[in-house]
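Let me begin by presenting the structure, written as structure tokens, before commenting on it.
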Amino acid sequence: MENTLQSIVQTLQERFEVNPVEEFRGEVHGFVAPARVVEVLTHLRDHESFELMSAMTAVDYWPNEAPRFNVIYQLTSISRNLSLQVRVPVAGADPKVPTVSGVYASANWRERELFDMFGITFEGHPDLRRILMPFDWVGHPLRKDFPLGYEEPQFTFNFEEISLQKPNPEA
Amino acid sequence: MTQLQEVTVDELKHLVSDRAIQGETVLLNMGPQHPATHGVLRLLLELDGEIVVNCIPDIGYLHTGIEKNMEAKTYQKAEVMTDRLDYLNTVGNNLAYCMAVEKLVDLDVPPRAQAIRVILTELQRIASHLVWIGTHALDLAAMSMFMYAFREREIILDIFELVSGQRMMTTYFRPGGVWRDVPVEFEAAVRNFIKLFPKRIDEYEALLTKNPLLLDRLLGIGVLTKETALSHGVTGPILRASGVNWDLRKARPYMGYEQYEFNVPVRSEGDNYARYLVRVQEMRESLKIVEQALDKLPMGPVRSDNRKFVPPPRSEIGVSMEALIHHFKLWTEGFDAPNASIYSAVEGPRGELGVFLEGDGGPKPRRVHMRTPSFDNLGVLPEIAKGHLVADLIAIIGSIDFVLGDIDR
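Going down the list, the protein sequences come from chains A and B. As numbered in the working numbering, residues 10 to 180 make up the first sequence, in order. As numbered in the working numbering, residues 365 to 773 make up the second sequence, in order.
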């Protein structure tokens, strides 16, 4: 780990209980409790010049329930050319994370996307609606227990069989 | 999976101002089928006369569940989905994904493959900017510009067809290198383009850069400040037009970009015109990179010989038992990646194109997230459209240069 990143991580560990901190292929990520994520990101933006939130996403570890999700904030410092990832573990039952849309404005749409795709509620979000799926969609598609779904191709040998299953408005 | 229900007015009340509820301003629906929204984007506009009070983008019409589909495919097969994200930057999407896979499994890329990747990615950047300049000018009533831009783009697509057999959805880059070496005609085709294109950019500039009709629509319109841009996660030419010198090719060189000399155009005005100038200049810089990479193009293999991740050449399968086994294993099972995550980003024509990739120890990814630049770039539209005329909104949309396939994924 680089020296500058090392000192940033050390401050995070001492002041914000960021634990554990892991490194893989030169990328550093630290885990933080949901309740402290807003102050951690505010600190990183204001005092460590992480101006840009490059990406915000989530991972579903189903059937693992506690924590089932990890919400991931990929931060970039343009002035110091650094990257740091903050991960927030969230339990599967009633997943809730405080919103960071007040810290990074880009989180507004990103959180709507995660709400839409994973069903994670971002508390205090100004406009938490579905963003990609239709507003009356049921379920959250990127959850691992959401079926992928497919359609069987219709060939000559199974043409009749599939035709029977298709909706027929005339019947 | 949908249950038909109506959206009540109360649910959407917080999006518009109180004046809209009292009937003082007009709510106007623009899109999803509208020629100036560059795809299926719907904008709900709150208008006071012709002035935009609020602009509420409604996206998702092109959502195809690409991230979900990629989770169900092996690492090699999932690459095909990446072409379909940003259909004006197919080669760049392949590059971002391949680099992510290579980083996750720690796979090397031979120098010749790196140089070929750079040449094609930069040509793709030019092709993407050509579509931008054509459609942007078309929106602003310079119709012939559209024909000129597509005429040159055709030459680039022909080069893609030459190397990969496909004009747009190439999937030519593969984890560990490229699919096969470039044909002998490749160099002449690219040299021809390098010779021809600078004159053509001069022609575009003669037509547009000092054109008073265009200046009226671009100068001082849609000003985006540095702070707003950074907070909204805006990257790419738009960020550089707002005075932030941030280009991943310079800041974090990949694929040997550190060997090539090129400038990163930066403007400080942050308006439509600055974005126009930055992109036009970028086309010239990309051409410089293409020329240098072609001059230096090293000889050698174009794909890693790590047989755990890269299938053996066809000629070996008939004579080598190991080659046959590797080939069979790779195309039936795929290769295993570690149970860990990486984030890898490249500089696409629209900005930071990142891939978050998490493996689960098996041959399929646990999660692939494509951090597409258009998503965040469009998110800033409501901020910069406020207070402008509807006609200027068209110019701003054009200058943001988003691709809906990139946003909706």
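C-beta: ideal position from N, C-alpha, C; glycine also. Since the structure is predicted, the reported quantities are computational estimates derived from the model, not experimental observations.
- Here the alpha carbon of A:Pro150 sits roughly 21 Å from the alpha carbon of B:Asp740.
- Under the Cβ distance rule, B:His427 counts among the residues neighbouring chain A, one pair being separated by less than 8 Å.
- Between B:Ser650 and B:Glu486, the gap from beta carbon to beta carbon is short of 8 Å.
- Annotated three-state conformation of B:Ser705 is strand, per DSSP.
- When the Cα atoms are used, B:Ala501 and A:Glu170 turn out to be separated by approximately 52 Å.
- Residue burial annotation: A:Leu173 is exposed, with fewer than 16 other C-beta atoms found within 10 angstroms of its C-beta.
- Counting along the chain, the unbroken beta strand (DSSP E) around A:Tyr82 starts and ends at 78-86.
- Setting aside the 5 residues that flank it on each side, B:Ala513 is surrounded in the same chain by Leu494, Ile497, Gly498, each with a C-beta closer than 6 Å to its C-beta; the list follows chain order.
- Within chain B, the residues whose beta carbon sits less than 8 Å from that of A:Pro150 are Gly429, Lys432, listed in sequence order.
- Sequence-distant Cβ neighbours of B:Arg581 in its own chain, meaning closer than 6 Å and more than five residues away, are Leu504, Ala759.
- For a cut-off of 8 Å, the C-beta gap from B:Gly541 to B:Glu716 is around 24 Å, too long to register as a contact.
- In terms of beta-carbon proximity, A:Met10 stays away from the interface with chain B, with every pair separated by 8 Å or more.
- For B:Leu603, the enclosing alpha helix (DSSP H) starts and ends at 601-605.
- Around B:Val754, the same chain offers Glu414 as residues with beta carbons nearer than 6 Å, after the five sequence neighbours per side are excluded.
- Bounds of the beta strand (DSSP E) holding A:Gln94 are 91-99.
- Within the region 26-70 of chain A, the runs of beta strand (DSSP E) at least 3 residues long that lie entirely inside it are, in chain order, 30-33, 36-40, 61-69.
- If you check the CB distance, B:Ile602 and B:Asn636 do not come in under 8 Å.
- For B:Ile706, the nearest beta carbon of chain A is closer than 8 Å to its own beta carbon.
- Taking all protein chains shown into account, B:Met507 has fewer than 16 neighbouring C-beta atoms within 10 Å of its C-beta and is therefore exposed.
- Between A:Ser115 and chain B, the shortest Cβ-Cβ separation is below 8 Å.
- Cβ contact annotation for B:Gly607 (same chain, cutoff 6 Å, sequence separation greater than five): Lys590, Ser632, in chain order.
- Taking CB atoms only, B:Gly387 has no neighbour in chain A less than 8 Å away.
- Proximity of the region 678-695 of chain B to the region 404-413 of chain B falls short of the contact definition, fewer than three beta-carbon pairs being nearer than 8 Å.
- In the same chain as B:Met532, and ignoring 5 residues on each side of it, the C-beta atoms closer than 6 Å to its own belong to Thr454, in chain order.
- Taking 8 Å as the cut-off, the beta carbon of B:Gly743 is found no closer than this to the beta carbon of A:Tyr113.
- Residues of the region 707-726 of chain B that bring their beta carbon within less than 7 Å of a beta carbon in chain A comprise Tyr707, Ala709, Glu716, Gly718, Phe720, Glu722, in sequence order.
- Residue environment analysis places B:His378 among the exposed positions, since fewer than 16 neighbouring C-beta atoms fall within 10 angstroms of its C-beta.
- In the structure shown, B:Arg735 falls within a strand segment according to DSSP collapsed to helix, strand and coil.
- Here A:His56 is exposed, its C-beta having fewer than 16 other C-beta atoms within 10 Å.
- Apart from sequence neighbours up to five positions away, the residues of its chain that approach B:Ala701 with a beta-carbon distance below 6 Å are Leu468, Val469, Gly723, ordered along the chain.
- Shown here, B:Asn393 sits in a strand according to DSSP, grouped into three states.
- Straight-line measurement puts the Cα of B:Arg643 at about 9 Å from the Cα of B:Ala605.
- Look at A:Glu36: its C-beta is under 8 Å from a C-beta on chain B.
- Scanning B:Ala709, B:Val548, B:Asp756 for the CA closest to the CA of B:Glu466 turns up B:Ala709.
- The Cβ atoms of B:Ala479 and B:Leu661 lie closer than 8 Å to each other.
- Here B:Glu443 is not near B:Lys728, since their CB atoms are 8 Å or more apart.
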